[in-house]
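All you need for the numbering used here is the position in the sequence shown, starting with 1, plus 71.
Cβ atoms here follow ideal geometry from the backbone N, Cα and C, with glycine treated the same way.
Below: one structure, written as C-alpha cells.
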Amino acid sequence: MNKNVEYMDWGLLDYQAAWDKQDAIFERTVALKTQNRTNGTSLPTPNYLIFCEHPHVYTLGKSGKPENLLLDEQGLRDQHATYYQINRGGDITYHGPGQVVGYPILDLDNFFTDI
C-alpha cells in the first residue's frame, strides 16, 4: 500500500489543459490497478495532490443548472472567461488568477480498507 502523496504545482494553466492532465493521470492509475488484478502483481499505485491556478473560468457541475450562470456569452467574453460543463459535483464554480485550486488524485485503496 502506497500512502505517499506526490505534490505537483502546475502554475497558471488553462482549465481544459488541467482537466486533460488529470484525466491522463487517472487513466494511468486505473490501467495499473487493472494490470495488478489481471496479473496478480502488486505494483504501487501513485497518489497526487495537484495545485494550480486557472485563467477566468466558470464550471457547471452535474447537479448544477445552466440558468445559475449569471453571464451570457457576451458577458463571458467581456470577462475573458471560459465556461465548461463538467462531470464533477456541484453547481456553478468560478476559478481565476490568484486563486489556488487543489486537485487530489488518490487511490483510496491505499488509505482505507472500507469506505
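query = Where do the ends of the beta strand (DSSP E) carrying Q59 lie?
reply = This structure gives no information on residue 59, because the portion of the chain shown stretches from 72 to 186.
task = Go through its chain and collect everything with a Cβ distance to I163's Cβ below 7 angstroms, but skip five positions before and after it.
result = Position 92 of the sequence shown, counting from 1, holds the residue named residue 163. Y129, L131, G135, N139 and L140.
query = In the region 133-160, which residue ranges form an unbroken alpha helix (DSSP H) of at least 4 residues, counting only runs that do not cross its ends?
reply = Considered as a whole, the region 133-160 harbours 144-149 as its complete alpha helix (DSSP H) runs of no fewer than 4 residues, in chain order.
query = Which residues bound the beta strand (DSSP E) around P175?
reply = To locate residue 175, count along the sequence shown from 1; it is residue 104. V172 to I176 is the span of the beta strand (DSSP E), which, as asked, contains P175.
query = Could you give the C-beta distance for H127 and H151, rounded to a whole number, given that I count them as a contact under 8 angstroms?
reply = Counted from its first residue, the sequence shown places residue 127 at position 56. Counted from its first residue, the sequence shown places residue 151 at position 80. Rounded, the Cβ-Cβ distance is 6 angstroms, consistent with contact.
Separation of T100 from D143, as counted between CA atoms = Reading the sequence shown from its first residue, position 72 is the one you call residue 143. Reading the sequence shown from its first residue, position 29 is the one you call residue 100. D143 and T100: Cα-Cα distance of roughly 38 angstroms.
query = Alpha carbon to alpha carbon, what distance is there between Q87 and Q156?
reply = Locating residue 156 in the sequence shown gives position 85, where the first residue counts as 1. Locating residue 87 in the sequence shown gives position 16, where the first residue counts as 1. Each residue's alpha carbon lies about 11 angstroms from the other.
inquiry  = Looking at F183: is its Cβ nearer than 8 angstroms to the Cβ of K74?
reply    = As a first step, residue 183 must be located in the sequence shown, where it is residue number 112. As a first step, residue 74 must be located in the sequence shown, where it is residue number 3. No, they are not a contact pair.
key: DSSP-derived helix/strand/coil call for L131   = On the sequence shown, position 60 is the one that residue 131 refers to. L131 carries a strand assignment under DSSP once its states are collapsed to helix, strand and coil.
key: Close beta carbons around V171, own chain, < 8 angstroms, minus the five adjacent residues each side   = The residue labelled residue 171 in the question sits at position 100 within the sequence shown. Apart from the 5 residues on each side of it in sequence, V171 sits with its Cβ closer than 8 angstroms to the Cβ of F122, C123 and E124 in its chain, given in chain order.
ask   = Looking only at its own chain, which residues have a Cβ that is under 6 angstroms from the Cβ of G167, when we skip the five neighbours before and after it?
value = As a working mapping, residue 167 is identified with position 96 in the sequence shown. H127, listed in sequence order.
First through last residue of the beta strand (DSSP E) which encompasses M72 = Counting from one through the sequence shown, the residue named residue 72 turns up at place 1. Premise fails: M72 is in no beta strand (DSSP E) and is neither H nor E.
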